[in-house]
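Undergrad: Residue numbers (the numbering used here), protein chains in the order written: chain R, 4 to 473; chain G, 4 to 473; chain E, 4 to 473.
The structure that follows is given in the form of structure tokens.
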Amino acid sequence: MKLQLDPARLFPVDPATREVARGLYNGVAQLPILSPHGHVDPRLLLEDTPFGNPAELFIRYDHYVTRLMHAAGVQLSELGIPDRTGVAATAGPREVWRTFSAHWHLYAGTASGYWLQHAFGEQFGITEQPDADNADALFDRIEATLATDAYRPRALFDQFKIEVLATTDDPMDDLAAHAALAADPSFSGRVLPTFRPDAYLNPATPGFADNVEKLAHWNGTPASSYQGYIEALAGRRRHFVDHGGVSADHGVFQPLAVDLNRSDAATLFEGAMAGTLTDAEQRAFAGHMLLEMARMSVDDGLVMTVHPGVFRNHNTDTFTRFGPDTGHDIPATTTYVDSIRPLLQKYGNDPDFHLVLFAVDETVYSREIAPLAGFYPSVYIGAPWWFLDAPDAVLRFRAAVTETAGFYRSSGFIDDTRAFLSIPARHDMARRLDSAFLARLVREGRVDLASAERISVDLVDTLPRKVFKL
Amino acid sequence: MKLQLDPARLFPVDPATREVARGLYNGVAQLPILSPHGHVDPRLLLEDTPFGNPAELFIRYDHYVTRLMHAAGVQLSELGIPDRTGVAATAGPREVWRTFSAHWHLYAGTASGYWLQHAFGEQFGITEQPDADNADALFDRIEATLATDAYRPRALFDQFKIEVLATTDDPMDDLAAHAALAADPSFSGRVLPTFRPDAYLNPATPGFADNVEKLAHWNGTPASSYQGYIEALAGRRRHFVDHGGVSADHGVFQPLAVDLNRSDAATLFEGAMAGTLTDAEQRAFAGHMLLEMARMSVDDGLVMTVHPGVFRNHNTDTFTRFGPDTGHDIPATTTYVDSIRPLLQKYGNDPDFHLVLFAVDETVYSREIAPLAGFYPSVYIGAPWWFLDAPDAVLRFRAAVTETAGFYRSSGFIDDTRAFLSIPARHDMARRLDSAFLARLVREGRVDLASAERISVDLVDTLPRKVFKL
Amino acid sequence: MKLQLDPARLFPVDPATREVARGLYNGVAQLPILSPHGHVDPRLLLEDTPFGNPAELFIRYDHYVTRLMHAAGVQLSELGIPDRTGVAATAGPREVWRTFSAHWHLYAGTASGYWLQHAFGEQFGITEQPDADNADALFDRIEATLATDAYRPRALFDQFKIEVLATTDDPMDDLAAHAALAADPSFSGRVLPTFRPDAYLNPATPGFADNVEKLAHWNGTPASSYQGYIEALAGRRRHFVDHGGVSADHGVFQPLAVDLNRSDAATLFEGAMAGTLTDAEQRAFAGHMLLEMARMSVDDGLVMTVHPGVFRNHNTDTFTRFGPDTGHDIPATTTYVDSIRPLLQKYGNDPDFHLVLFAVDETVYSREIAPLAGFYPSVYIGAPWWFLDAPDAVLRFRAAVTETAGFYRSSGFIDDTRAFLSIPARHDMARRLDSAFLARLVREGRVDLASAERISVDLVDTLPRKVFKL
């Protein structure tokens with residue numbers, strides 16, 4: 004079966020509306036990519052090593068892709084993922100690619116399938132859908148292409164017109180790769196670190212006490228000192244700011260902020276280090292630390308992003324054998340209005356504090372996030388994330404938030420991806436969908452065309468620069 | 004940039020469907036306005052004083068409008084809102100209008116923006132989008148127009164073809180303005196009071212005991228008498244009925260009904276007056292009183308409307324300085340099925356009792372409200388309200404409820420507005436959207452055109468008359 | 004008013020998209036009907052007795068239909084439903100049909116109205132909308148048609164091209180009707196029983212202890228024996244398997260699975276039999292038994308279907324007088340991610356175990372069911388059910404789940420109906436809507452036409468055969 008990328012893909016089906024969308028899209032299609040939140044490893048660009056093969060590139064590390072084959076009965080070990088209990092992966096790259104090709108029909112209509120088609124067509128000139136028969140030929144073609152200089156990471160970085168790429172990093176990361184890239188005269192892109200402190204803030208995280216020990220050791224204070232812990236966190240944030248970091252990211256189950264006094268906080272901290280807290284006390288301490296992070300953001304200017312509501316590692320057997328990020332992180336109900344209130348009471352009206360609220364429970368978009376962002380100068384509406392970063396979901400998102408909060412309270416697109424090659428596909432998809440949404444509003448007489456053209460550029464350029472302080 | 008009102012605005016983009024929508028709309032566009040729930044001050048019509056200036060009219064009192072500028076970093080005091088802590092408003096009307104004009108792009112795609120455009124274009128003949136450059140000229144133009152007799156409230160009331168306008172009133176209001184309007188031979192409109200007793204029913208409301216004292220004083224019974232309290236409420240309801248009132252409105256956080264016996268209720272009442280109730284007891288008493296209000300509605304015929312699920316005054320600092328209704332009322336999750344059940348057990352099957360259920364959590368439309376209204380003869384589906392009174396949200400609403408409950412369990416449109424000048428824009432929007440929704444069903448072969456024409460008129464005329472007993 | 008069935012009904016309004024939908028639909032319109040979940044009585048086909056009259060056929064037993072007239076103020080006794088407190092039904096079939104005809108406009112835009120139109124037009128050649136004037140003529144016409152051999156149940160079974168029809172049965176049912184049908188050489192259809200054990204698993208069900216007694220008696224073990232209870236359930240499941248059963252259905256309020264050890268389970272069982280459990284203990288035991296049912300499904304291969312989230316018999320007075328299934332079953336909020344986890348921990352990764360998750364709270368589709376089905380090989384996404392089996396809701400469903408889980412994790416359509424004559428209308432509606440959804444994706448460049456054609460057939464044929472092991 005043919006693989007053909009329709010130049011009008013994702014535009015509305017009505018011909019006149021499609022024409023408006025095409026015009027809006029043409030105005031933004033070639034703008035540089037700003038990627039203020041993602042998971043690419045900075046060493047990819049520092050070392051500029053060629054990508055290995057299509058299985059490594061598209062399958063092995065992309066748990067959006069592996070999960071659907073797992074659901075179809077394929078073992079993760081057959082997809083090249085090593086079993087941590089000691090069993091080696093049972094398939095080499097070519098076998099993995101063959102398995103994927105034979106299951107390609109599973110991806111029809113999915114966001115992953117859309118991005119893969121884009122990459123196959125746009126970046127590798129492939130004109131057939133993968134299947135069992137053409138698997139080897141496509142493998143060879145992609146592998147050969149990857150071996151060329153034009154497909155090394157830095158060359159692609161330029162080809163993709165990436166201006167800013169934010170990574171996500173452990174607070175104790177020395178950020179040497181970021182520093183080396185910044186110092187490299189042959190590389191002109193901006194690669195920024197993002198402070199991601201969850202494992203240092205939530206006593207329920209395995210390894211919490213060890214992490215605090217590392218912080219304390221770096222800070223030269225005793226691990227038992229709450230004061231030292233707070234100082235160390237502030238210090239590590241400064242380290243990130245010094246290396247160009249613009250934001251701190253918080254992955255929490257429920258977005259809870261708790262306002263404790265210092266004495267109560269210190270007491271809970273002691274319990275957290277001793278492992279004696281109840282579940283409720285653990286949540287209270289983590290909620291207190293979310294508030295502390297907001298306070299530090301007010302001080303050091305790091306944009307605070309909150310990614311809540313994911314039940315991670317839902318299946319213990321899979322987690323034990325294959326580790327995290329293996330496809331069984333499942334969204335749960337989320338609510339912000341009451342739980343985040345103590346934070347907004349303190350800092351919500353500070354326009355220099357930027358708080359970007361994301362969701363995987365889409366009911367919260369119209370009910371809570373848009374109304375909050377429509378009042379608090381600090382609050383911005385995070386772009387659709389994870390499972391919701393998909394064509395219909397993105398249009399539902401825009402419809403859910405725009406009528407309440409307009410376009411100018413949204414954060415601009417974030418790709419949130421580990422998959423370097425999917426970055427242009429994802430940004431292109433976002434631009435097409437915003438064009439489609441705006442085109443409908445133009446044709447319904449709700450936004451005039453000139454305003455839509457301005458908004459279209461602002462969504463891609465002005466807003467992410469402003470919201471993420473780029 | 005031009006401001007042009009498309010005659011086909013809000014109709015579907017598909018040409019054939021648009022034609023069907025246009026036909027349906029033309030059949031209802033000129034029908035009189037029935038506004039059975041809103042917040043216009045009756046003295047506006049009694050005194051018929053000219054509106055002052057565009058800032059007073061469109062901005063100062065409309066917290067849908069001020070909140071988006073606040074989110075953009077504008078202080079509420081810069082929008083003419085006085086600071087209750089003693090700081091005067093820092094801006095006069097012209098400055099407020101200039102600020103608004105410079106921020107006009109924030110409203111693109113919002114419901115407020117849509118209504119403002121309608122008013123600017125239809126009522127003031129404005130043909131440019133407001134901006135920093137034309138702000139003074141537009142201010143002058145609107146101000147001059149407002150000074151003419153044709154733009155005084157009563158003239159507009161006639162021009163808008165308002166047949167019925169319900170206000171919202173405190174139970175102790177003497178309703179003198181309503182009486183004077185009804186007695187005025189020079190005014191032929193119906194302006195009806197609505198009984199809004201929240202502050203007299205919920206012990207958690209600041210001032211509850213004082214309010215009960217007022218009731219008791221009026222009734223000539225001791226404030227400590229539960230019997231007197233109940234009698235006084237019934238008496239005040241009769242006062243509203245005697246002044247043409249047709250409904251009682253209940254703004255509750257969660258729509259809880261609790262069935263207590265008289266003795267337990269009296270005990271809680273004592274605690275409520277003494278301020279000794281726990282939170283749970285306060286909720287129980289308020290829930291009991293919601294059930295009592297239903298009982299009284301069965302007796303006196305007042306339609307019971309419930310507007311639940313809003314976390315009011317989310318930001319304490321703003322509330323302290325600028326008071327309520329300043330843009331930080333945020334929706335929360337709502338559920339009816341269990342919480343309202345005691346009320347429906349008692350009165351749900353009484354077809355003369357009318358209970359209109361609203362929501363700002365749109366998940367409740369298809370899940371609960373439509374199924375309840377599809378069985379209980381008392382239950383009607385409230386029109387989309389607050390943040391959900393917006394084009395896409397209204398179409399989602401119709402799609403969510405119609406397949407379960409049809410068209411004849413919905414309440415008809417309510418505008419719920421303080422902004423007198425937005426009334427025609429809001430009703431016109433609702434008529435356009437219902438036409439758009441019906442046109443799609445016609446074109447999808449689900450409803451024949453003749454039925455759609457009948458439904459279209461019934462939604463605007465028959466249903467609100469029936470549901471609100473007009 | 005005319006009743007005309009548009010051949011293009013439910014297809015998208017955009018002409019080019021409509022053509023794609025028409026082509027996809029034409030490829031599946033004539034495929035046989037697989038109905039793996041429903042509520043038709045097998046004796047209907049065994050006895051092949053002619054249907055009586057239009058009121059019996061379309062109204063009296065269809066609580067989707069009666070509830071909307073009840074909401075309009077009609078008493079259920081006026082619709083031929085006997086009052087269990089001793090009052091006879093007050094209306095004969097012709098009066099019931101007249102009442103219905105006079106209320107026909109209430110069904111415009113509803114799913115029931117759509118199915119009824121289909122049946123009136125396709126099966127009875129009716130060309131007018133029912134109304135008060137034509138009620139008697141339509142009654143006579145339908146009644147006369149029902150008296151012909153071509154409209155007896157078996158003839159319709161063939162005419163509808165039903166290949167498989169699953170019924171829903173009590174665990175203690177002897178399944179004699181199924182056996183007789185299977186043994187009847189003159190009947191070639193497959194009519195399969197479905198094991199529905201709720202009343203034997205949940206101690207909160209009235210009659211639970213009696214039901215357990217029946218199980219124990221059949222098994223020849225004491226009713227007090229937990230071991231005997233478990234054995235008996237497994238034995239009755241085998242009885243169903245032996246009679247061609249392919250699935251076990253579980254109607255639960257919340258889909259809770261609880262992992263108890265045998266000793267704790269046995270203790271709770273004793274309490275359940277004695278009627279001494281607290282609500283929480285009842286829930287725990289029912290949750291334990293859901294897990295036991297999953298374990299047995301792993302053993303005996305019965306597909307496990309879960310239909311959660313319905314508050315049944317919401318109005319006690321109506322339930323007392325008219326019994327269950329009288330229109331006041333109301334959806335409630337549902338969540339799976341945490342509550343069902345113990346079951347998925349144990350059996351989720353077994354590809355031979357099939358678990359089909361349904362919902363009447365549509366928020367759970369994109370948030371939980373699609374992500375779960377996108378990872379666990381056992382989990383399939385149940386088709387839209389009950390109130391959600393309606394045109395717009397079905398399209399929302401496809402949009403909500405497909406981007407995350409693709410098409411191949413969905414179960415295929417189930418009609419879930421008691422109304423034999425509505426079966427072709429319901430399957431036809433599902434085929435039209437899936438064609439409409441796929442056509443949009445084709446025109447948006449997201450799925451190529453050849454893939455859409457394959458998916459279209461798979462949804463109707465391959466998937467239900469696989470998921471329900473037909």
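Ideal Cβ placement from N, Cα and C applies to all residues, glycine included.
In whole angstroms, give me the CA-to-CA distance for Gly415(R) and Gly238(R).
TA: Here residue 415(R) corresponds to residue number 412 of the first sequence, with the count starting at 1. Here residue 238(R) corresponds to residue number 235 of the first sequence, with the count starting at 1. Straight-line Cα distance between these residues: approximately 29 Å.
Undergrad: Which same chain residues, not among the five before or five after Leu34(G), have their C-beta less than 7 Å away from its C-beta?
TA: Taking the second sequence and counting its residues from 1, one reaches residue 34(G) at position 31. The residues are Val463, Asp464.
Undergrad: With a threshold of 9 Å between beta carbons, is Ala135(G) in contact with chain B?
TA: You won't find chain B in this structure, because its protein chains are R, G and E.
Undergrad: Please identify, using Cβ separations under 9 Å, the residues of the stretch 4-15 of chain R that lie next to chain E, in order along the chain.
TA: Cβ contacts with chain E: Met4, Lys5, Leu6, Gln7, Leu8, Asp9, Pro10, Ala11, Arg12, Leu13, Phe14, Pro15.
Undergrad: Closer than 9 Å, Cβ to Cβ, to anything on chain E: give me those residues from the stretch 17-28 of chain R, in chain order.
TA: Flagged, chain order: Asp17, Pro18.
Undergrad: Give the straight-line distance between the Cα atoms of Asp483(G) and Asn264(R), rounded to the nearest whole angstrom.
TA: The first residue shown for chain G is 4 and the last is 473, placing residue 483(G) beyond what the model contains.
Undergrad: Counting only Cβ pairs nearer than 7 Å, list the residues of chain E close to Gly76(R).
TA: If you number the first sequence from 1, residue 76(R) lands on position 73. Here the neighbours are Pro354, Pro380.
Undergrad: What does Arg70(R) touch in chain E if you count any residue whose Cβ is under 8 Å from its own?
TA: Counting from 1 along the first sequence, the entry for residue 70(R) is found at position 67. Here the neighbours are Gly377, Phe378.
Undergrad: Indicate the three-state DSSP secondary structure (helix, strand or coil) for Glu365(G) in the structure shown.
TA: Mapped onto the second sequence, residue 365(G) falls at position 362. Coil at Glu365(G), not helix or strand.
Undergrad: Please work out which residues of its chain come closer than 7 Å, Cβ to Cβ, to Arg157(R), disregarding the five sequence neighbours upstream and downstream, and give them in chain order.
TA: Counting from 1 along the first sequence, the entry for residue 157(R) is found at position 154. Cβ within range, chain order: Leu48, Asp51, Phe190.
Undergrad: So, for Ala58(R): in the same chain, excluding its five sequence neighbours on each side, which residues have a beta-carbon less than 7 Å away from its beta-carbon?
TA: Numbered from 1 along the first sequence, position 55 holds the residue referred to as residue 58(R). Taken in chain order, the residues that qualify are Gly83, Pro96, Val99, Trp100.
Undergrad: Classify Gln230(E) as buried or exposed, calling it buried when 16 or more other Cβ atoms lie within 10 Å of its own Cβ.
TA: Here residue 230(E) corresponds to residue number 227 of the third sequence, with the count starting at 1. Classification of Gln230(E): exposed, given that the 10 Å Cβ count is below 16.
Undergrad: Since His121(G) contacts Met72(G) with CB under 8 Å, what's their CB separation in whole angstroms?
TA: As a first step, residue 121(G) is located in the second sequence; it is residue number 118 there, counting from the start. As a first step, residue 72(G) is located in the second sequence; it is residue number 69 there, counting from the start. Not a contact, Cβ separation roughly 20 Å.
Undergrad: Going by the DSSP bridge assignment, what does Ser38(G) pair with across the sheet?
TA: Position 35 of the second sequence, counting from 1, holds the residue named residue 38(G). In DSSP, Ser38(G) forms a bridge with Leu168(G).
Undergrad: If contact means a Cβ-Cβ distance below 9 Å, which residues of the stretch 53-69 of chain E contact chain R?
TA: Correct list: empty, as no residue qualifies.
Undergrad: What does DSSP give as the partner residues of Gly254(R) in its beta bridges?
TA: Within the first sequence, numbered from 1, the residue matching residue 254(R) stands at position 251. His310(R), per the DSSP bridge assignment.
Undergrad: Please determine if the stretch 116-133 of chain E and the stretch 379-399 of chain G are in contact, where contact requires at least 3 C-beta pairs separated by less than 8 Å.
TA: Touching, no.
Undergrad: Does DSSP classify Phe198(G) as helix, strand or coil?
TA: Here residue 198(G) corresponds to residue number 195 of the second sequence, with the count starting at 1. Here Phe198(G) sits in strand by DSSP.
Undergrad: Going by the DSSP bridge assignment, what does Ile333(R) pair with across the sheet?
TA: The count along the first sequence starts at 1 and reaches residue 333(R) at position 330. Answer is Phe314(R).
Undergrad: According to DSSP, simplified to helix, strand and coil, what is Lys5(E)?
TA: Within the third sequence, the letter at position 2 stands for residue 5(E). Note: Lys5(E) maps to strand in three-state DSSP.
Undergrad: Under a Cβ-count criterion, where at least 16 other Cβ atoms within 10 Å of its own Cβ denotes burial, should Asp177(G) be classed as buried or exposed?
TA: The count along the second sequence starts at 1 and reaches residue 177(G) at position 174. By the 10 Å Cβ count, Asp177(G) comes out exposed.
Undergrad: Does the stretch 295-310 of chain E come into contact with the stretch 348-365 of chain E, if we say contact requires no fewer than three beta-carbon pairs (one atom in each stretch) closer than 8 Å?
TA: Result yes; three or more Cβ-Cβ pairs closer than 8 Å.
Undergrad: Evaluate contact between the stretch 9-26 of chain G and the stretch 13-30 of chain R, counting only Cβ atoms and requiring at least three cross-stretch pairs below 8 Å.
TA: Touching, yes.
Undergrad: Between the Cα of Arg366(R) and those of Leu27(G), Thr336(G), Trp388(G), spot the shortest distance and give me the residue it belongs to.
TA: For the purposes of this step, residue 366(R) is taken as residue 363 along the first sequence, with counting starting at 1. In the sequence under discussion, the amino acid at residue 366(R) is Thr, which differs from the Arg named in the question. Taking only the C-alpha atoms, the option nearest Thr366(R) is Thr336(G).
Undergrad: On the DSSP bridge list, what partners appear for Glu131(G)?
TA: Here the question's residue 131(G) lines up with position 128 in the second sequence. DSSP lists Lys5(G) as partners of Glu131(G).
Undergrad: Kindly say whether Phe243(G), judged by its beta-carbon, lies nearer than 9 Å to any beta-carbon of chain E.
TA: Your numbering for residue 243(G) matches position 240 in the second sequence. No, its Cβ sits nowhere closer than 9 Å to a Cβ of chain E.
Undergrad: In the DSSP assignment, the beta strand (DSSP E) including Leu358(E) goes from what residue to what residue?
TA: Stepping through the third sequence from its first residue, residue 358(E) is reached at position 355. Taken as a continuous stretch (DSSP letters only), the beta strand (DSSP E) holding Leu358(E) covers 358-360.
Undergrad: On the DSSP bridge assignment, give the partners of Ser413(R) in chain order.
TA: Position 410 of the first sequence holds residue 413(R). Looking at the DSSP assignment, Ser413(R) forms a beta bridge with Ile384(R).
Undergrad: When we look at the beta-carbon of Pro10(G) and count the other beta-carbons within 10 Å, is it buried (16 or more) or exposed?
TA: The sequence position of residue 10(G) within the second sequence is 7, counting from 1. So Pro10(G) ends up on the exposed side.
Undergrad: Going by Cα to Cα distance, which pick from Ile233(G), Arg12(G), Leu168(G) is closest to Met432(G)?
TA: In the second sequence, counting from the first residue as 1, residue 432(G) sits at position 429. Nearest option by C-alpha distance: Arg12(G).
Undergrad: Taking only the alpha-carbon atoms, compute the straight-line gap between Ala182(E) and Gly248(E) and give it to the nearest angstrom.
TA: Indexing the third sequence from 1 puts residue 182(E) at position 179. Indexing the third sequence from 1 puts residue 248(E) at position 245. Ala182(E) and Gly248(E): Cα-Cα distance of roughly 11 Å.
Undergrad: Please list, in chain order, all residues of the same chain as His310(G) whose beta carbon is under 6 Å from its beta carbon, the five residues on each side excluded.
TA: Counting from 1 along the second sequence, the entry for residue 310(G) is found at position 307. Taken in chain order, the residues that qualify are Gly254, Phe361.
Undergrad: Tell me which residue opens and which closes the alpha helix (DSSP H) that Pro18(R) is part of.
TA: The count along the first sequence starts at 1 and reaches residue 18(R) at position 15. Where Pro18(R) is concerned, the enclosing alpha helix (DSSP H) stretches over 18-29.
Undergrad: Name the chain R residues whose beta carbon is nearer than 7 Å to that of His121(G)?
TA: Numbered from its first residue, the second sequence carries residue 121(G) at position 118. Under the 7 Å cutoff, chain R gives no residues; its nearest Cβ is about 10 Å from His121(G).
Undergrad: Do you know how far the Cα of Asn316(R) is from the Cα of Phe103(R)?
TA: Against the first sequence, residue 103(R) aligns to sequence position 100. Against the first sequence, residue 316(R) aligns to sequence position 313. Near 23 Å, if we compare the C-alpha coordinates of Asn316(R) and Phe103(R).
Undergrad: Considering Gly290(E), what are the terminal residues of the alpha helix (DSSP H) in which it resides?
TA: Indexing the third sequence from 1 puts residue 290(E) at position 287. Element bounds for Gly290(E): 282-303.
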